[in-house]
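Residue numbers (the working numbering): 1148 to 1326.
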């Protein structure tokens, strides 16, 4: 028998300003917190009555992140636009277990890291039915979660869309380099 609770919090905020007809600046923030807290009790009496095991467990598992970003879009002409974005993310993972009673132990594990990313790119619309978008992202993580997680990475993305009346054709490309 035991008791547990799971508090959860999530939220997003976005604010845009339009200083000119061609310039858009957007600030966003995202927050997430997901936790599991609980207790448990174990009581065992062996059939030969030589040992009684009485343990009390307390555990806490939590993940969370805070991620603000700033995005700037500028339409140079009707057929050319450029954009840039900076995003910072602070993340944590906690996994703590405490056992008391007949046997005692503690297991505290936590990981906290910070991710910085920057993106630049452009959009082309050479003819009315065709649009092309290309961008590149570079990021650094000061403490990746696993040995194979990307600590320093570079992404290349491309998208082509062709639309005529009720038909739309599209293609995307994405390449991720773990530097």
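Note that CB positions come from ideal geometry on N, CA and C, so glycine has one too.
- Our two residues, residue 1296 and residue 1289, have alpha carbons roughly 11 Å apart in a direct line.
- If you check the CB distance, residue 1207 and residue 1237 do not come in under 7 Å.
- Rounded to the nearest whole angstrom, the CA to CA distance from residue 1301 to residue 1283 is 7 Å.
- Under the three-state reduction of DSSP, residue 1199 is assigned to strand.
- The Cβ-Cβ distance between residue 1219 and residue 1172 falls below 7 Å.
- Contact between residue 1177 and residue 1159 holds: their C-beta atoms lie close to 5 Å from each other, under 8 Å.
- With contacts defined as CB atoms closer than 7 Å, residue 1202 and residue 1246 qualify as a contacting pair.
- Sorting 1320, 1251, 1248 by C-alpha distance to the C-alpha of residue 1279 places 1320 at the top.
- Straight through space, the alpha carbons of residue 1254 and residue 1210 are spaced by roughly 17 Å.
- Nearest neighbour of residue 1256 by Cα position, chosen from 1243, 1233, 1275, 1154, turns out to be 1243.
- Secondary structure of residue 1313 (DSSP, three-state): coil.
- By the neighbour-count criterion, in which 16 or more other beta carbons inside 10 Å mark a residue as buried, residue 1317 falls on the exposed side.
- Annotation for residue 1268: 1230, 1281, 1282 place their beta carbon closer than 6 Å to its own, counting only its chain and skipping 5 residues before and after.
- By the criterion of a C-beta distance shorter than 7 Å, residue 1299 is surrounded in its chain by 1287, 1326, once the five residues flanking it on both sides are discounted.
- Secondary structure of residue 1153 (DSSP, three-state): coil.
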